[in-house]
Each structure stands twice: as C-alpha cells, then as structure tokens.
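Just so we're aligned, residue 1 is where the sequence shown starts under our numbering, counting upward by one. Built from N, CA and C at the ideal position, the CB exists for glycine as well. Down below is the structure, laid out as structure tokens.
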Amino acid sequence: MMLRLARQLHWWIVLSKRWWSACLVYQRVGSSCDRWPARKVRKIQKICRKPVESGDGRPRLVPSFLMSGKLFLYAAKSRNIMSTHATTVSSTLPPRPQLDAQWIIDHLVDRDQFCPCPHPSRDPQAWIARAQTTGKCYVDWADENLDYEYPPIKASQLMAYGRSANRVAMEKPYFERRYALQNFVMAECLTGLTGKYMDQIIDGIWAICEEAYWCFPPHMGASAENLLPDLDDPILDLFAGQTGQQMAWIVWLIGDQLDAVSPEIVKQIKRKTRFFVLDAILNHPRHWLGLDADHVMNNWTPWICSTWLSAVWMFEDDVAKRDKAIEWICKALNIFIKQQPDDGGCDEGVMYWGQAGAALYESLDHLGGIVGQDHALFMDHPLLANLAHYPQVMHVKDAEFVCFADGRAIAKSMPGYWISKWATDLNDASMQAFGDQQSRMQLSSPRPHHTNFYRLIQRPFLEAKLLDQEPLKLTGKLDDYLPNIEVVTMRSTEELGQGWHVSAKGGHNAESHNHNDVGQVVVYHNGHPLLIDLGVETYSGKTFSAQRYDIFTMQSQWHNLPSFGDAVQLPGRKYAAKALKQEVNDGCTTFTLDIADAYDPKATLQSYLRKVKLDRNSDRVTVTDRWQCAELQPMTLSLISLSQVKVEGQKLTLTPVNLPDDRTSAAATITIEKAVIERIQVEEKEITDPIMQGSWGNMAYRTLVTFPASTRGELQMVVDHL
C-alpha cells in the first residue's frame, strides 16, 4: 500500500513539473492573441502526451484527471493586457439572443441564392451606374495604377518582428497588396467586366496565394528564437481570415472571368484558403472561439467569425466540415453576445468598434442572408441597438472621437456605410444620420482601413442614396452614460462641435487594449481639443507584451491624472474605480468616482474622489479632486494638451496651435483653486510616431502641477473658454 502511494506521489510530482514546464513554455511567448508556435505546441503535446484535439473535438493538452484540459485554456489567460477578466454584468435587458446553429444549417439556401449585392455578371448595369458616382474612387485609382507592381514580402520582413519588434516592415507590403487587389476588383466590376484590370487582379491573387503565411508574425509567436513560422501549422488570425474572405468574394464576383483565363487561378485560391483558413481552424481551435468560459472575448471573435463565415459559405463543399464550422461560429458569437454589457460599450475603444460591434453585425447580416432573410438576425433586441450606438457616444464632430484605450482621435475609416445599413435594420434615424455623415466624408476614398471585403462590395450601393438626399441633421445627446464600462459624455448643446464636450471614464486597468487611465478626463470646446487622451502609437513588439506599460501613452502620468511621487496607477483588474455616480439636474451634469484603488499601494491612498462637472448655466467645466493618504505624500497632477501653455500664478492660459486636417486646438484658461501649489512645470513632448502625428501634429505639452507633501488635499480646476 505504501509503495503504491509512493509511486502515485512520484508520478504526481513528475506530471506537475511537466505541466508547469508547459505553462512556462507558453509564458515565454507572452501573448493575449494567438501566438502559439507549432514547435511549442508540439513540445507541450509531447510533455502532456495528449493531442490538441480529442475525440469530442474539444481542445485538451493535459490528462483530464490532472487538470481537466485546462492547460490550453490557461494559454488563453495570458498575462497580457487584452483583458482576460470576465466582468460581471447585471443585465436589465431581455435574455440575450442566441444563435441556433442547427436551425441555421437546416434553413441554408443554395449558394447562388444569397447575393449581398448585385452580381456583376447577372446585373452589370447596377455596377456600371455607380462607376461615376459612389464607385468612381475605385475606377480612378485603378486607372492611375495600371502599371502597379505588387510589393514583395521578404523573409527579412517577416523576421523583423522577432529581431526588433518591428511590425510595420511586414504589415506595409501585406496590406498594400490586399488594398490594391480589392481596388482593381472593384474597378473591374464597375466597368462592366471588360477585362481591363484582369492582369493586375490575377497578379495580386497569385502574389497573395504565393505567400508563405497569411497570419501576422506577432500572432504566431515570432521571437528572436523563432523568426519564421512553421509552414506546416497555419494559424487563423485576424488577417488570415480577412484574406480568406477577400478571396471568397473575389471568386463570387469574377470567378467565371478568372476561369476563362485559367481554371488554375480559382483552384489555387480555394487550395490556399482551405490551408490557411478552413482547415487551419478546424485542426487547431483557438482561444477566440470561447474555449474557456472565463475568457473575455474581444474584437478577435466577431472579426474572425465574420470573415471565416465567408470562406466557409463560398468554399466549403464538405457538408460535415461546413456544419461543424457553422456550429463553432455560432457558439463563439453566442459567447461574445452573452459577454456584451447592457450599455453596448466597447472598452477596446472606438477604433476597435468597427471590428467588434460592427463585425458582430456583419456576422448576423451574413447569417441572415444565407437563411433567406433580407435583414440581419436579432435586430429586434435592444442589445444590438446599444452596441450600434457606441461610436455616437464617443463622437466629437466630423471624424474626431474620444480615443480611450488603443484609439485614434481621428477615425477616417469609421465604416459609415455599414453604420447606415445597420441603422436601416434598426429603423434608427439618429444612427442613420451619423452613418451618412461618416460616409459623406469618405466618398472619395477607395481604401478604408482594414476593410472586410463582404462589406466593401456593398459600399457603392449603400452609399448611392446619399446622392439623392439632403444630409440628415446630426445631433448628439446632452448626456450619455455607459454604466457597465463606466464612461460618461457631457455636451453643452446637442449641436456637435458647439460648446463643451467632456468625457470621463472609470473602469479598471485590465480592460481590453488597456491604458492605466482610471479617472481620465477629456475636454473639447467647439470641437477643438483642450485636455486630450493621446491614444496609441504604432503597434510594436512592446504593445502586446509584458513591456506594454513601458510605453508612455499607456501610463497614468501621461493622462490627466495625479501621481504620488513615483506611485502611479498599475495594470490589473483590482486597480479600478469605485463609488461611481452620475447626476443630471438644473442644467448641470456631474460624474463622481473614487480612483484610489487604481494606484500602487505605496501611494497609501485611502480615497481619491474626483468630481467632473459641466455647468451649462455658467458655461464652464470644473474638476474637483479630494484625496487622503495614510502617510505624507507629494502629489503631482498631469494635464496633457496640444495648446501652448503659459503659467501665471495658479492660472494656465492655453493658446491654440494648428493641427492636421485644418484643425486647431482650443483656447482656454485653467485656474487651480482651493489649493496651495508648490510649483507648475510645462514639458514639451515631441510626437514622432506617424499615427499620433496624424491626430495631434508634432508636439504635445504636459503641465505638471505639484502640491506639497500632505496626508490630504483638495483642488478645483476651473476651465473657461476664451
């Protein structure tokens, strides 16, 4: 008996060591996305002596008696910033709608019955009629680029990420190829399938099909030790899926014309899409499918499901595989829907909404189409309306948005035509006006960023109505509050770009695409930025790694927030706001919260109450802070602006500067009251990143207002326009 127990203990220790070794293998990769290289997967498989996919189709990497298959799920719970903590949502909405995969499978129409837009062979005049209006940008681009050469993608560009964390080296030619191809295809359809652009189209298809990998290096675990991908183990990531979708609808649009040149072209498309998309995901399920019930879904789930669905619908002839894919897509989307907050907020920020909420709508629209409906599924549920309205809540004016999280202030690629389509399904006039406004600003642009081709082929037809109608009046609500993601917006008037626009957030520091910014306040006046959120730089190897918070834009001291010596906000779910409250009365809106728990414990904060107030009667914004510490602490308040700052006693005068796109920053004064100030310093911060320059220009200013060491303090920041 003792001998048997000793042997069991021995094997328990051995297996435990192997399990922890497997965990450490993954931890060295350090990703919240899907970067598990094949060689490491095989190593873990060898350690655990269990295949990735067991007989029931569920991913397992360790013996069930040891960890119930949780090692793979552990991998999804990376240490990275893309939130892996499920926030409990107390729902006040009806039960969440859920997709019934079997019902969808039973009601599928024939493949040729689903037409998301007019087919260029069967209805060429529908396309030709758009060639000089909403499709003109594509024809003009194609005519100007008849001698276009698709840029090569070199091995050294693939290796750049592992060597120096450079994502752009590979991304630039990768996207250029796909943008050029989509523009040539659109132009060919718009000009009546004359064959004028066919060679350029075939060159693009062939170049993309010759690529060794459709997945991005950051998503496949590229590192100094693993510079190139395992060619036998493709990963279905965001852009592999998007490429598969592009190929699927190209075949739908011009497959007959390609076959007339050579049947090998479509054969190659189908062969590569099967390898990189269809079989890749069925052979190796990924975290964004919802393998772990505790894992929070983000944009990866609807983004990939929407593109994967196109490839499945167009190319999967094996009924069993098709049905399995539809089941997995429905299951993943159901989990995503369940996890969405009642208020429809997207804690990833406005930039990702186009591939989060908007991609969910794309999936529901596509699913509705393939079961014979003329509208997206679930449009009668209030959650879908709330998800649709999120970008309007964050809208300042024109193409400018409040850019919490990994956002950009200028969102020139907001999918206006897709918003308008969603608004039509919802019968929502306000959303329709917003979508139409965004579309009008993009009519001359053939290359919206990260465009899903399923949407793009509908664009000329969805935007056609803009030519025959006067612009709808677009307004904003005086007050918006998203209590689940803890974001508030206050406006002086419903007229966008007039008066004050104030946004503030609570939340926590494990949000998806997190910045340590609990308590952040952003202020605009007449549409001009005053106190800003810098947003995000060009992604690099640091962005989605343990070094994320080495990047200055992620740090609380580069937001409009306090610091206590070297004690700043820390990343993690427990670093959060509490005691949030919004009040609206007598022409005033206030938002109050306590941000003490967001800080490093060495700040010894017991409370930090921030009250943000917009007084429409006095036409003024005030921010009142009261704090208490257990020990003496110096406090420094950071204020980030683009306007130049002149200090006069406790008064700051902000002078406007010119910004990109013929914009200017705001003119205002900020007076610090109810406090004794030790000193005020103004630092210049040169902006060198091209993405940030596109929003903010070349210079930002950080004003540091330092208060004497104390255990408690109070200040009132009074903001007046000039």
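Exercise. What do you reckon, are the CB atoms on Ala180 and Tyr150 nearer than 9 Å?
Worked result: Along the sequence shown, read from residue 1 onward, the residue named residue 180 stands at position 180. Along the sequence shown, read from residue 1 onward, the residue named residue 150 stands at position 150. Result yes, Cβ atoms of Ala180 and Tyr150 sit closer than 9 Å.
Exercise. Which runs of the beta strand (DSSP E) spanning at least 3 residues fall entirely within the stretch 524 to 611, listed in chain order?
Worked result: 528 to 531, 572 to 576, 578 to 585, 588 to 594
Exercise. Relative to the alpha-carbon of Ile208, which residue among Lys270, Asn226, Leu253 has its alpha-carbon at the smallest distance?
Worked result: As a working note, residue 208 is residue 208 in the sequence shown. Answer by Cα proximity: Lys270.
Problem set entry | Nearest-angstrom Cα separation, counted from Asp398 out to Leu193 | Taking the first residue of the sequence shown as 1, we reach residue 193 at position 193. Taking the first residue of the sequence shown as 1, we reach residue 398 at position 398. Looking at the two C-alpha atoms, the distance is approximately 36 Å.
Exercise. Under the rule that 16 or more other beta-carbon atoms within 10 Å means buried, what is Val518, buried or exposed?
Worked result: Along the sequence shown, read from residue 1 onward, the residue named residue 518 stands at position 518. Looking at its Cβ environment, which holds 16 or more other Cβ atoms inside 10 Å, Val518 is buried.
Exercise. At a cut of 8 Å, does the stretch 314 to 328 reach the stretch 260 to 278 through at least three beta carbon pairs?
Worked result: Yes, they touch.
Exercise. Alpha carbon to alpha carbon, how far is Val705 from Tyr608?
Worked result: Translated into positions along the sequence shown, residue 705 becomes position 705. Translated into positions along the sequence shown, residue 608 becomes position 608. The straight-line gap from Cα to Cα measures roughly 17 Å.
Exercise. So, do the stretch 646 to 663 and the stretch 607 to 627 have three or more beta carbon pairs nearer to each other than 8 Å?
Worked result: no
Exercise. Under 9 Å between the Cβ atoms of His284 and Ile235?
Worked result: Walking along the sequence shown from the start, residue 284 turns up at place 284. Walking along the sequence shown from the start, residue 235 turns up at place 235. A contact, by the Cβ cut-off of 9 Å.
Exercise. For the beta strand (DSSP E) that Met717 lies in, which residues bound it at each end?
Worked result: Looking up residue 717 in the sequence shown gives position 717. From DSSP, the beta strand (DSSP E) with Met717 extends over 699 to 721.
Exercise. Tell me the DSSP bridge mates of Ile680?
Worked result: Here residue 680 refers to the residue found at position 680 of the sequence shown. Per DSSP, Val705.
Exercise. Any Cβ of chain D within less than 9 Å of the Cβ of Arg548?
Worked result: Of the protein chains in this structure there is only one, and it is not chain D.
Exercise. What are the boundary residues of the beta strand (DSSP E) that Tyr138 is part of?
Worked result: Sequence index remark: in the sequence shown, residue 138 carries index 138 (1-based). Run containing Tyr138: none in the beta strand (DSSP E); it sits in the alpha helix (DSSP H), 136 to 144.
Problem set entry | Uninterrupted alpha helix (DSSP H) stretches inside the stretch 181 to 225 (no shorter than 4 residues) | 198 to 209
Problem set entry | Under 9 Å between C-beta atoms of Asp594 and Arg616 | On the sequence shown, position 594 is the one that residue 594 refers to. On the sequence shown, position 616 is the one that residue 616 refers to. Result no, Cβ atoms of Asp594 and Arg616 do not sit closer than 9 Å.
Exercise. Excluding five sequence neighbours on each side, which residues of the same chain lie with their C-beta closer than 6 Å to the C-beta of Gly587?
Worked result: If you number the sequence shown from 1, residue 587 lands on position 587. Cβ neighbours of Gly587 beyond the five flanking positions: Arg616, Asn617.
Problem set entry | Every unbroken alpha helix (DSSP H) inside the stretch 411 to 451 [4 residues or more] | 416 to 426, 429 to 440
For this session: Report the three-state DSSP secondary structure of Cys305 (helix, strand or coil).
Result: On the sequence shown, residue 305 is found 305 positions in, with the first residue counted as 1. DSSP places Cys305 in helix when its eight states are reduced to three.
For this session: Report all residues from its chain with a CB closer than 8 Å to the CB of Lys574; omit the five preceding and five following residues, and keep chain order.
Result: Reading the sequence shown from its first residue, position 574 is the one you call residue 574. Excluding positions up to five away in sequence, the list reads His508, Asp597.
Exercise. Taking just the CA atoms, how far does Ala165 sit from Ser665?
Worked result: Within the sequence shown, the letter at position 665 stands for residue 665. Within the sequence shown, the letter at position 165 stands for residue 165. Using only the alpha carbons, I get a separation of about 33 Å.
Exercise. Would Ala546 pass as a contact of Val612 if the rule is Cβ separation under 9 Å?
Worked result: One-based indexing of the sequence shown puts residue 546 at position 546. One-based indexing of the sequence shown puts residue 612 at position 612. No. Outside cutoff.
Exercise. Is the Cβ-Cβ distance between Ser306 and Leu360 less than 9 Å?
Worked result: Along the sequence shown, read from residue 1 onward, the residue named residue 306 stands at position 306. Along the sequence shown, read from residue 1 onward, the residue named residue 360 stands at position 360. Their beta carbons are under 9 Å apart, which means Ser306 touches Leu360 by this criterion.
Problem set entry | Span separating the alpha-carbon of Gly354 from that of Gly344 | By one-based count along the sequence shown, residue 354 stands at place 354. By one-based count along the sequence shown, residue 344 stands at place 344. Straight-line Cα distance between these residues: approximately 13 Å.
Exercise. Counting pairs of Cβ atoms below 8 Å between the stretch 365 to 373 and the stretch 112 to 126, do you hit three or more?
Worked result: Yes, the stretch 365 to 373 touches the stretch 112 to 126.
Problem set entry | Buried/exposed call for Pro152, threshold 16 Cβ in 10 Å | Within the sequence shown, residue 152 is the residue found at index 152, counting from 1. Burial call: exposed.
For this session: With Tyr390 as the anchor, note down where its alpha helix (DSSP H) starts and where it stops.
Result: Numbered from 1 along the sequence shown, position 390 holds the residue referred to as residue 390. Per DSSP, Tyr390 belongs to the alpha helix (DSSP H) from 382 to 393.
Exercise. Contact between the stretch 671 to 691 and the stretch 511 to 526: three or more CB pairs below 8 Å?
Worked result: no
Exercise. Mapping DSSP to helix, strand and coil, what is His287?
Worked result: Taking the first residue of the sequence shown as position 1, residue 287 is located at position 287. It is helical.
For this session: Give the secondary structure of Ser512 by DSSP, where H, G and I count as helix, E and B as strand, and everything else as coil.
Result: Stepping through the sequence shown from its first residue, residue 512 is reached at position 512. Here Ser512 sits in coil by DSSP.
Exercise. Leu474 and Leu496 look like a contact to me (Cβ under 8 Å); what is the Cβ gap, rounded to whole Å?
Worked result: Walking along the sequence shown from the start, residue 474 turns up at place 474. Walking along the sequence shown from the start, residue 496 turns up at place 496. Rounded, the Cβ-Cβ distance is 6 Å, consistent with contact.
Exercise. How do the stretch 674 to 683 and the stretch 535 to 545 stand: do at least 3 beta-carbon pairs fall below 8 Å, yes or no?
Worked result: no
Exercise. Hey, Trp288 and Ala222: beta-carbon distance below 9 Å or not?
Worked result: In the sequence shown, residue 288 corresponds to position 288, counting from 1. In the sequence shown, residue 222 corresponds to position 222, counting from 1. In this structure, Ala222 does not lie closer than 9 Å to Trp288 by Cβ.
Exercise. How long is the line joining the alpha carbons of Arg238 and Leu278, rounded to whole angstroms?
Worked result: Along the sequence shown, read from residue 1 onward, the residue named residue 238 stands at position 238. Along the sequence shown, read from residue 1 onward, the residue named residue 278 stands at position 278. The sequence shown places Leu at residue 238, not Arg. Whole-angstrom Cα-Cα distance: 14 Å.
Exercise. Looking at the unbroken alpha helix (DSSP H) that takes in Ile104, where does it start and where does it end?
Worked result: Numbered from its first residue, the sequence shown carries residue 104 at position 104. Counting along the chain, the alpha helix (DSSP H) containing Ile104 begins and ends at 101 to 106.
Problem set entry | Given 8 Å, three or more beta-carbon pairs between the stretch 554 to 574 and the stretch 429 to 443 | Cβ pair count under 8 Å is below three, so no.
Problem set entry | Secondary structure of Leu333, DSSP reduced to three states | Taking the sequence shown and counting its residues from 1, one reaches residue 333 at position 333. Three-state result, Leu333: helix.
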